[in-house]
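Only one structure is covered here, and it is reproduced in the block below.
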Amino acid sequence: MSELSYLEKLLDGAEVEWLPLSSLCNLITTGKLNANAMEDNGAYPFFTCNEEPYRINTYAFDLEAILISGNGSQVGHLNYYNGKFNAYQRTYILGGFNENVDIMYLYYYLMHTLKPYIHKNSRKGSVPYITMPMLENFKFPIPCPNNLEKSLAIQSEIVRILDKFTALTAELTAELTAELTMRKKQYNYYREQLLCFDEAEVEWKTLADVAILRRGRVMSKGYLEQNAGDYPVYSSQTARNGMIGSIDTYDFDGEFISWTTDGANAGTVFYRTGKFSITNVCGLIKIHENYPISYKYLYYWLSIEAQKHVYSGMGNPKLMSHQVEKITVPIPFPASPEKSMLEQQRIVGILDKLEAITFSLTEGLPREIELRQKQYEYYRDLLFSFPRPETASN
Numbered sequence: 172m173s174e175l176s177y178l179e180k181l182l183d184g185a186e187v188e189w190l191p192l193s194s195l196c197n198l199i200t201t202g203k204l205n206a207n208a209m210e211d212n213g214a215y216p217f218f219t220c221n222e223e224p225y226r227i228n229t230y231a232f233d234l235e236a237i238l239i240s241g242n243g244s245q246v247g248h249l250n251y252y253n254g255k256f257n258a259y260q261r262t263y264i265l266g267g268f269n270e271n272v273d274i275m276y277l278y279y280y281l282m283h284t285l286k287p288y289i290h291k292n293s294r295k296g297s298v299p300y301i302t303m304p305m306l307e308n309f310k311f312p313i314p315c316p317n318n319l320e321k322s323l324a325i326q327s328e329i330v331r332i333l334d335k336f337t338a339l340t341a342e343l344t345a346e347l348t349a350e351l352t353m354r355k356k357q358y359n360y361y362r363e364q365l366l367c368f369d370e371a372e373v374e375w376k377t378l379a380d381v382a383i384l385r386r387g388r389v390m391s392k393g394y395l396e397q398n399a400g401d402y403p404v405y406s407s408q409t410a411r412n413g414m415i416g417s418i419d420t421y422d423f424d425g426e427f428i429s430w431t432t433d434g435a436n437a438g439t440v441f442y443r444t445g446k447f448s449i450t451n452v453c454g455l456i457k458i459h460e461n462y463p464i465s466y467k468y469l470y471y472w473l474s475i476e477a478q479k480h481v482y483s484g485m486g487n488p489k490l491m492s493h494q495v496e497k498i499t500v501p502i503p504f505p506a507s508p509e510k511s512m513l514e515q516q517r518i519v520g521i522l523d524k525l526e527a528i529t530f531s532l533t534e535g536l537p538r539e540i541e542l543r544q545k546q547y548e549y550y551r552d553l554l555f556s557f558p559r560p561e562t563a564s565n
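Add 171 to the 1-based position in the sequence shown for our numbering, that's all there is to it.
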C-alpha cells in the first residue's frame with residue numbers, strides 16, 4: 172500500500188478543514204531584542220534568525236513554542252522549544268496552542284510548506300521576509316475537525332512517523348559524517364608519515380630554489396561571460412576543484428601547482444595539468460626545467476605545509492608569493508637524482524591510491540546523506556498530501 176493511500180486510510184473518508192494559524196494558537200508575536208543582546212554562557216537560549224540559538228541571561232518567554240526566523244538567509248527556519256527563552260525582534264514566536272492541534276503536527280507542516288509560502292508571498296526582487304499577516308493567514312489542514320479525539324489521533328500518527336524518519340535520518344547522517352571524518356584523518360596520518368624523512372636522507376630546498384612563482388590576472392564575471400570557451404579558469408573557491416568558469420583562451424599549458432592566495436581558502440593547493448588560466452587570487456608554481464622533483468610529490472608536500480604559512484592578520488587570510496617561496500621542501504636522496512625521483516614516485520603512488528579511496532568516500536558519503544534527506548522529504552510530503560480546496564492558497 173502506498174504512503175498516499177496510507178493517509179487516505181488514516182482519514183477514512185473524514186473531512187479536512189483548512190484553518191488559519193491565528194485560529195490555532197493564541198500567541199503570534201516577535202521578540203523585542205537586538206541580535207547583539209546575546210551573552211556568552213548565558214542561562215537561557217536566545218533565538219535569532221540563525222539556525223542555532225545563542226545564549227542570554229534574561230528571559231521574556233516561558234512556554235512551549237515554535238520559533239521562526241523572520242528574515243535573513245535562514246528565513247523560515249524553525250526551532251521548537253519548551254521552557255524559558257528570549258528572542259530577537261525579527262524572530263516570530265508561536266504559542267498558546269489550541270486543544271484541537273498537536274504542536275509537533277504544526278511544526279512538521281510548517282517545515283514542509285512555510286519556506287515556499289514565504290517566497291511565493293514576497294515581492295519579486297526583494298529579500299524574502301515574514302510579515303505578521305503572512306503567518307496569521309497561513310492555512311493548516313485539520314483532519315476530522317468535528318471529532319477531536321480522532322483528529323488528534325491522526326495528527327499524532329503523522330507526528331510519530333515523521334519523528335521516526337527524523338531520528339533515522341539524523342542517526343545515519345551522524346554515522347556517515349563520523350566515517351567521513353575518520354577517513355580524512357586516516358588519509359592525513361598516512362600522508363604525513365610518508366613525507367616524514369630521516370634528516371640524513373634528505374636535503375631541504377626552498378621553493379625559490381626549485382621553482383618560479385607567478386600570479387594570475389583579474390577576470391570579472393562579465394569577462395568570463397563575454398569570452399566563454401573550453402579552457403577552465405580557476406579561482407579561490409574549493410568547489411569544482413576551484414573552477415569558476417571557462418574561456419576561449421588560456422594562459423598556461425602543462426603541469427603546474429596552483430594555490431589560493433587570499434580569503435577563507437588561502438593556502439589551499441591544487442595539482443594542475445593541461446591548458447587553463449587562473450585569477451588574481453591564485454598563485455602558480457612552475458618547477459625549474461630538469462630539476463629532480465615531481466609535481467605530484469611537491470603537491471602532496473605543500474598540501475601539508477602551505478597552510479602553516481598562511482597569515483591571518485586583519486581578518487583576511489593571505490598566502491602571498493614572498494611567503495610561499497620561503498617554504499622548504501625535502502628532496503630525498505639528493506646525491507642521486509634518479510634514486511630521488513624513484514622515491515618520490517613511490518610516495519606519490521601510495522598517496523594517489525589513498526587519495527582516490529578517501530575522496531571517493533568524500534563525494535559518496537555526502538551524496539548518501541543527501542539521498543536520505545530527500546527520501547525523508549518525499550515521505551513527509553506524501554503524509555501531508557491532504558485534499559486542498561481552492562480557498563487554501565498556501
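All C-beta atoms, glycine included, are put in the ideal place defined by N, C-alpha and C.
(1) Since I believe arginine 385 is in contact with asparagine 451 (beta carbons under 8 Å), could you give me their beta-carbon distance rounded to a whole number of angstroms?
(2) Would arginine 362 be called buried (16 or more neighbouring beta carbons within 10 Å of its own) or exposed?
(3) To the nearest angstrom, report how far apart threonine 284 and histidine 290 are at their CA atoms.
(4) Indicate the three-state DSSP secondary structure (helix, strand or coil) for serine 244 in the structure shown.
(5) Work out the CA separation of isoleucine 518 and phenylalanine 504 for me, nearest whole Å.
(6) Specify, as a first and last residue, the run of the beta strand (DSSP E) that threonine 302 falls within.
(7) Taking a contact to mean a Cβ-Cβ separation below 9 Å, would you say tyrosine 402 touches serine 417 in this structure?
(8) What is the rounded straight-line gap between the Cα of tyrosine 215 and the Cα of glycine 266?
(9) As a quick exercise: from Tyr276, Ser448, Gln357, pick the residue whose alpha carbon is nearest that of alanine 324.
(10) Going by DSSP in three states, asparagine 205 sits in which element: helix, strand or coil?
(11) According to DSSP, threonine 439 sits in a beta bridge with which residue or residues?
(12) Would you call the CB atoms of asparagine 242 and isoleucine 301 closer than 9 Å?
(13) Classify leucine 175 as helix, strand or coil using the three-state DSSP reduction.
(14) Assign leucine 319 to one of two classes, buried (16 or more other C-beta atoms within 10 Å of its C-beta) or exposed (fewer than that).
(15) Taking Cβ positions, are threonine 431 and glycine 413 nearer each other than 9 Å?
(16) Counting along the chain, where does the alpha helix (DSSP H) carrying leucine 195 start and finish?
(17) Is DSSP giving leucine 285 helix, strand or coil here?
(18) Tryptophan 571 and phenylalanine 311: beta carbons closer than 9 Å?
(19) Looking at C-alpha atoms only, which residue of Ser407, Asn271, Leu343 is the closest neighbour of proline 488?
(20) Decide if proline 191 is buried, meaning its Cβ has at least 16 other Cβ atoms within 10 Å, or exposed.
(21) Could you check how far apart the C-beta atoms of valine 440 and alanine 477 are, in whole angstroms? I think they sit under 8 Å.
(22) What residue range is occupied by the uninterrupted alpha helix (DSSP H) comprising asparagine 359?
Per the coordinate set shown:
(1) About 11 Å; that fails the 8 Å criterion.
(2) Per the 10 Å Cβ criterion, buried.
(3) 11 Å
(4) coil
(5) 13 Å
(6) Threonine 302 -> no beta strand (DSSP E), and no H or E assigned at all.
(7) yes
(8) 18 Å
(9) Tyr276
(10) Three-state DSSP puts asparagine 205 in coil, outside helix and strand.
(11) Per DSSP, none; premise fails for threonine 439.
(12) The Cβ atoms of asparagine 242 and isoleucine 301 lie closer than 9 Å to each other.
(13) Note that leucine 175 scores a pLDDT of 48, beneath 50, so its modelled location is shaky; the value from the coordinates is reported in the next line. Helix at leucine 175.
(14) exposed
(15) Between threonine 431 and glycine 413, the gap from beta carbon to beta carbon is short of 9 Å.
(16) Run containing leucine 195: none; DSSP gives neither H nor E here.
(17) Three-state DSSP puts leucine 285 in a helix.
(18) There is no way to answer for residue 571, as the model of the chain reaches only from 172 to 565.
(19) The residue with the shortest Cα to Cα distance from proline 488 is Ser407.
(20) exposed
(21) Alanine 477 and valine 440 do touch by the CB rule: their CB atoms are close to 5 Å apart, below 8 Å.
(22) 319-365
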